[in-house]
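Just below is one structure, and these are the notes that go with it.
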Amino acid sequence: MSALTQRPYIEFRENKGQWEENVMFRARIPAGDLFLEKNALTYRFYKEEDLNRIDKLHHQFIKNPTHQDSIINMHAFKVEFKNALTPTFKTLKVRPDYENYFVGNDQSKWASNVKKYEEVAYKELYKNIDLKFYLNKGILKYDFIVNPEANANEIQLEYTGVDELFIKNGNLHIKTSVNEIIEQKPYAYQLINGIEKEVKCSFTLENNTLSFKFPKGYNKTYPLIIDPALIFASYSGATVDNWGYTSTFNDAGNLFGGGVSFGTGYPLTLGAIQVLFGGGYTDISISKFSINGSLLEYSTYLGGTGADYPHSLIVNSNDELLVFGTTNSANFPTTAGAYNTTINGGYDAYVAKFSANGQVLLASTFVGGSLNDGLNSVAPLKYNYADDHRGEIIVDTNDNVYVATVTNSINFPVTAGVIQTTNAGNSDGCVFKLSPNLNSLIFSTYIGGSGLDAAYSLQFSTTGDILVTGGTTSANFPTTAGTLNPASLGNTDGWVAKINNSATNLIASTYIGTAANYNQCYFVQLDTADNVFVIGQTVGGYPIFPATVYNNPNSGQFIHKLTPDLSTTVFSTTFGTSSGQIDIALSAFLVNECNYILVSGWGGAVNGSASATNSTTNGLPVTLGAIQPTTDGSDYYLVMFSEDADTILYATFFGGNASFDHVDGGTSRFDKRGIVYQAVCASCFGSTSDFPTTPGAWSNTDNGPNCNLGVFKMDLTNLTADAEVFTTPFYCIGDTVHFQNLSNGGVSYFWNFQDGNTSTQFQPSHVFDSIGTYHVLLIALDSISCMLVDSDYVDVFIGGPPTAITNPVNGVCRGDSVQLNASGGTSYVWSPNYNITNDSIDNPFVFPDTTTLYTIIVFDSCGIDTSQLLITVFQKNIGISPDITICWDMNTQISATGGIDYLWFPAATLDNANIANPVATPGVTTTYNVTITDINGCVWDTSMTVITDSVPPIANAWNDPIVCLGDSGQIFASGGGSYFWTPTNTIINPNSSSPIVFPSQNTQYTVEVANACGVDYDSVIVQVRF
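Here this note's numbering is used: the first residue of the sequence shown is 4, the next is one more, and so on.
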C-alpha cells in the first residue's frame, strides 16, 4: 500500500509561454504566488479567511450561501528593481517532476515539460550584484550577493500597489488589503578567510523605495551577502487548496489523481482584487505518481476562464490518459478536428486525451447542448455531497471512448436510430461513444423518463454490449418486459440497462430498489459469465437473498447480482451499520477475475452536509488484520466480499484521526487484481497532515489548514509473495543461505532454489554447491482465496575462492608511470610496495626504474589468490654528436642515434629537422635540441651545441723569460681557440696556451694559434744562463 498527499514545497516553475512574457518563474508561496520577472517581483496573496470560507462553501457547510460568501479577496503588489541591468537567470536543483499547462484555447499559451527548481538566481541584476531566491528549511529566502568592488547602494527596490510601507524596529512592514508581510531587519555578512563576519546593515526607505545602508562600511575586496527574512505575518502557512476528485491507473501500476486547484494566471492589476469562486478561478489538475508513490512524475493543468471539473479518468491501450468532466469555460482547450470545439451553453461535458508523458493534448472536445450537461445537480438524485460530479468514462479494445452521464439539454447531440432521441423530462441520463481521436460522435442517446434521470457508470459485457446504471425519479423510465422490475417502485429508484454497442437496441432494462423509498445505483460490474452486479444506496429495507448471503440488515448500502438478461436475482444484500440510513458515498466498485466483490467509499460529516445527513463510518464492520481498525467517523471504507457475497474477506478504514476526509465527486478505480487507486480530499478543516501516508511517499504532509489532494493505492486481495534473504545475497560455496519470507496472505509456500532442490518450509535454509547466480522462486498459495497464487524471486550469488586476474601491460619507458589493473576480489595487496601510488587498491600507478615483477594478492570473503605481472622498463639508449666549433660562414653535419623518429629544434638552420643527421648552418652559436622516439615508443630529449667563430685568429705570444740551466719557465699565448708550440721536445703540453718549457740553450718557441676560421703564428725567445 502507498498513500500520499500534495507535497508542501515552494518550487520555481519556468515560464515556457503559459504566462505573460515578462514572467520568468512562478512560485506558490503561503496563501499566494510570487512571480519572478526580468526586473521586478510581483506578489499576489489571498485573504485567508476567504480561503477557509470557500473551503466550507465548496463542501456545503454553509447553508443558503449569499453572493458575498463566494467572493475571494486578493491583493497584488510589485517590487521593481530600479535602474537595474538586464540580468541573466541561473537555476539550480531541478526537481524530477514537471508540469504541463493546457489552459485556454490559445495553443500558443500551452506549455509542456515545464521544469521546476529549488533555486533561481538573477545574475548581474546590478553591476557585479546577484540576487538569489532559495529555500531554507522550507521557508522562502532571498539574498543579494554584492561581489568585490560592486556598489551596494545601487540596489533600489520600489514598491507599487501596497497599502502601507514603513520601517518599524528595523523591520520593513508591507501592509495590503488582505495581509501583512514583514521583512525582518537584514542580516549581512562576509566570508573572510573562511570566517563569517557580520556587517552592520539596515533598511532605508524613501518614497516607497527601499535600499540598504551600512553604517560602518564593509570590506569591498570580499563578497557581501545581504540576507533578509520574509515573514507572512497573517498566515498560518496555508497554500491554496487542491481538492481531490477522481483517480485511475495504467497497466504498469502508476496512479493518476485528478482534482481542482486555484487558478494559474498572472495578476494584470495591482492592489486589491475580488474574484468569485466558481467563476473561473479554478483549473483541473492531474498528477501522475510512480508505482510505489515515491515520485510525482508530472502534473498537468487543464481548463479555461470558467469553472472546470474532472469526473472520471481512464488510460487506454497506448498509455494515453483520457479525462471526462464538465466545464463552463468558453475557451476550454480543444483541438483542431475534434468533434465539437465550441461550447454549447451552460456547463458542457468534455473529453480530453493526453499523451503518455502528459506533455501533449492529443485531442479535446465539448459534448453538450444549450443547458447544463454532465452535472447531476438536483436532489434527490444529488443525494450525497459531490454527486453532481458523477459519471464514468471507459474505453473498448479499439480505444473507442464511452461516457455515461446526465443532461438537462433538449438539444443534447444524439445520433440516428438510437434507443431514445429526445429528452423525456427535466434531466435524462445519456450515453455516448466517441472515436479514439475524439473527432467523431459514433453514437449518442438519451435514456430516461419524465422525471429526473442520471447515468453514473457503464461497463462492457463479453459480447460488447454496454451495461449502464444510475438513478431515476421517473415512473416511465424505459424498461423491458421480463426483467426483474419493469415497473417503477416509487420515489427514487436505481436502474440498470443493457444496450447493444451501437445503442440502437435496448436489450434489457429494469428498476432496482425498494417500494416508495430512496434507492440509487452508482456502479455496475460484470463477472466472466456476464452476470450483472450493481452497487448503490437504499433507505428502504433492501431484500436479503438468499439467507446465506452476508448481510447487515437495514443498512444503507446494497449489492445486487442479476442474471445477464436482468430477469432474476442471484443474490442481493446490504452492508453497513444497520441504522436504516446511508453510511457511505460510493467511490469505486469491482468484481475481479475471481468474482470477489470490492468496494471503496467514504462517509462522515462532509457527506452529512447533503441529504445523507447521518453519514458516518462509525460502526461499519472491519476484519482482523485491518490496516486501520478504528475510525473517527469521517474516513474511507474499503471492503472485499467473497464470490456471491457469502462472507466478508477483508474490511478496513483508512483516513486521518481528526479531519473530515472525503471525495469531491468523481470516480476512482480498482484494477482487476483488486488494487484500489483512490483520489481523496485529505486533512480538511484545520486538521493538517493527519492523513496516513507511507514511508518514502512523495509527500507526507499537508501544508495548510484546508483540504488537499491525497491519493492512496491499496491491495485488498491480501496475497503477496515476498522472498528475501537475511543479511546479504552474497555467499560462498558451502555457506548456508537463510531465506526470509515476508509474504502476506499465504497459507502454504513452495521454494525452488533453481539447483534441482525445493522446499515447502516457510523460511528454509539451503546450501548451494556450485558457483553461480540463482534466481530463487517463492510461490505463495492461498487455497481459501480466489487469488490462488502469487510469486516472487530473490537472487542469490554463490562464489568460490577468488581468481586473481591481471591485465597485461606492454612495457613502460623509464621515468614514466603505468597503471596496473587487477580484478577477482574485494581487496588487493601489491608488492613490491615502492614506486607505487597505493599498494592496496586494484588499479594503482607504478613508476619502476628497472624491469620489475609485481605480485598481486587478491582477497574476498571466499578466499585468497595471487598472480604476477612483469613490467618491462625500457632504458634510455640514445646518442648525439658532441659539441663542435665552426666558422660562422660554414656548415657542419650533426647527428643523433638510437631512434626511429627524430625532431630537431630550432629547425630553421637545418637542412632537414626530421632525420638523424641533418646539416646545420647556424651562423651564430646555437644549441640544437632533438626529440628521439625509439623503437619501443619511448620519447627522449637531448641536445648539443654548434659554436661559431666570427673572425680568423690573431696570435699573440709573450713572456720572454730568462731561466738558469736546468730550470723551467712559462710562456703564454692568446687569440685563438687552439694552440700548438714548437719545438715540442722541451715543452710540457705543447697544446696549452701557457705551457712550461725547460730549454738547455737559448730557444725560440713558435706558437700556432688556430680557430675555425684559420691560423696565425707568433714566437718568444727563452734565454738560458749557465
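Glycine included, every Cβ here is placed at the ideal spot set by N, Cα and C. All values reported here derive from a predicted model rather than from experimental measurement.
Residues near residue i in its chain [Cβ-Cβ closer than 8 Å; skip 5 each side]
{"i": "Gln462", "result": "Ile397, Ile469, Leu470, Val527, Gln528 and Leu529"}
{"i": "Pro885", "result": "Met947"}
{"i": "Phe80", "result": "Thr45, Tyr46, Tyr162, Thr163, Gly164, Val165, Ile177, Thr179, Leu273 and Gly274"}
{"i": "Leu873", "result": "Thr854, Thr855, Leu856 and Tyr857"}
{"i": "Gln766", "result": "His741, Phe742, Gln743 and Asn744"}
Proximity to residue i [Cα-Cα], best of the options
{"i": "Gly803", "options": "Asp793, Phe771 and Thr945", "result": "Phe771"}
{"i": "Gly372", "options": "Gly173, Phe415 and Asn403", "result": "Phe415"}
{"i": "Leu780", "options": "Lys41, Ser773, Tyr796 and Ile774", "result": "Tyr796"}
{"i": "Gln1007", "options": "Gly749, Ser1022 and Leu208", "result": "Ser1022"}
{"i": "Pro481", "options": "Ile999, Asp431 and Gly420", "result": "Asp431"}
{"i": "Val326", "options": "Leu227, Ser367 and Thr730", "result": "Ser367"}
{"i": "His769", "options": "Asp785, Phe753, Asp738 and His778", "result": "Asp738"}
{"i": "Met27", "options": "Arg56, Leu88, Phe92 and Glu14", "result": "Phe92"}
{"i": "Ala34", "options": "Asp390, Tyr49 and Asp937", "result": "Tyr49"}
{"i": "Lys564", "options": "Phe574, Ser570, Thr580 and Leu39", "result": "Phe574"}
{"i": "Asn880", "options": "Ser826, Pro90, Gly940 and Ser264", "result": "Gly940"}
{"i": "Thr338", "options": "Val949, Asn108, Ser826 and Ile844", "result": "Asn108"}
{"i": "Ile32", "options": "Tyr752, Gly260 and Leu138", "result": "Leu138"}
{"i": "Gln822", "options": "Val812, Gly775 and Asn156", "result": "Val812"}
Own chain residues within Cβ distance below 6 Å of residue i, not counting five before or after
{"i": "Asp53", "result": "Ile75 and Asn76"}
{"i": "Ile883", "result": "Ala899, Thr945 and Met947"}
{"i": "Ser996", "result": "Ala976 and Tyr982"}
{"i": "Asp725", "result": "Leu745, Ser746 and Asp795"}
{"i": "Trp902", "result": "Note that residue 902 is Gly in the sequence shown here, rather than Trp. If we look at Gly902 and ignore the five residues flanking it on each side, its Cβ neighbours are Ile935, Thr936 and Asp937."}
{"i": "Arg1028", "result": "Cys967"}
{"i": "Tyr238", "result": "Reliability of the predicted coordinates at Tyr238 is poor, the pLDDT of 32 falling under 50, and no value is obtained from them."}
{"i": "Thr94", "result": "Tyr120 and Val123"}
{"i": "Asp904", "result": "Thr936"}
{"i": "Phe369", "result": "Asn343, Ile346, Asp351 and Tyr353"}
Proximity below 7 Å, CB of residue i to CB of residue j
{"i": "Tyr304", "j": "Asp286", "result": "yes"}
{"i": "Thr576", "j": "Val552", "result": "yes"}
{"i": "Tyr101", "j": "Tyr301", "result": "yes"}
{"i": "Thr761", "j": "Asn755", "result": "yes"}
{"i": "Ser477", "j": "Gly454", "result": "yes"}
{"i": "Ser412", "j": "Gln681", "result": "no"}
{"i": "Pro921", "j": "Trp907", "result": "yes"}
{"i": "Ile889", "j": "Thr951", "result": "yes"}
{"i": "Ala532", "j": "Ile600", "result": "no"}
{"i": "Tyr342", "j": "Asn211", "result": "no"}
{"i": "Pro151", "j": "Thr224", "result": "yes"}
{"i": "Ala654", "j": "Val679", "result": "no"}
{"i": "Gly622", "j": "Thr580", "result": "yes"}
{"i": "Gly606", "j": "Ser590", "result": "no"}
{"i": "Ser290", "j": "Gly328", "result": "no"}
Bounding residues of the beta strand (DSSP E) (the contiguous stretch that carries residue i)
{"i": "Leu823", "result": "No beta strand (DSSP E) holds Leu823; DSSP gives it neither H nor E."}
{"i": "Asp376", "result": "Asp376 -> no beta strand (DSSP E), and no H or E assigned at all."}
{"i": "Met77", "result": "Ile74 to Phe84"}
{"i": "Gln584", "result": "Counting along the chain, Gln584 falls outside any beta strand (DSSP E), and DSSP gives it neither H nor E."}
{"i": "Ser603", "result": "Ile600 to Gly606"}
{"i": "Leu39", "result": "Gly35 to Glu40"}
{"i": "Ser1017", "result": "Reading off the sequence shown, one finds Gly at residue 1017, where the question assumed Ser. Per DSSP, Gly1017 belongs to the beta strand (DSSP E) from Gly1017 to Arg1028."}
{"i": "Ala783", "result": "Gly775 to Leu784"}
{"i": "Leu470", "result": "Ile469 to Thr475"}
{"i": "Thr934", "result": "Thr929 to Thr936"}
{"i": "Arg16", "result": "Phe15 to Glu17"}
Cβ shell of residue i (< 7 Å), same chain only, five flanking positions each side left out
{"i": "Val1000", "result": "Ser971, Gly972, Ile974, Thr989, Ile990, Tyr1008 and Val1025"}
{"i": "Trp961", "result": "Phe975 and Val1023"}
{"i": "Lys96", "result": "Tyr120, Glu121 and Glu122"}
{"i": "Glu24", "result": "none"}
{"i": "Glu199", "result": "Tyr192"}
Do the region 1015-1022 and the region 955-974 make contact, defined as three or more Cβ pairs closer than 8 Å?
-> Proximity of the region 1015-1022 to the region 955-974 meets the contact definition, three or more beta-carbon pairs being nearer than 8 Å.
Given 8 Å, three or more beta-carbon pairs between the region 115-123 and the region 145-152 = no
Could you tell me whether the region 484-497 touches the region 512-528, using the rule of 3 or more Cβ pairs below 8 Å?
-> yes
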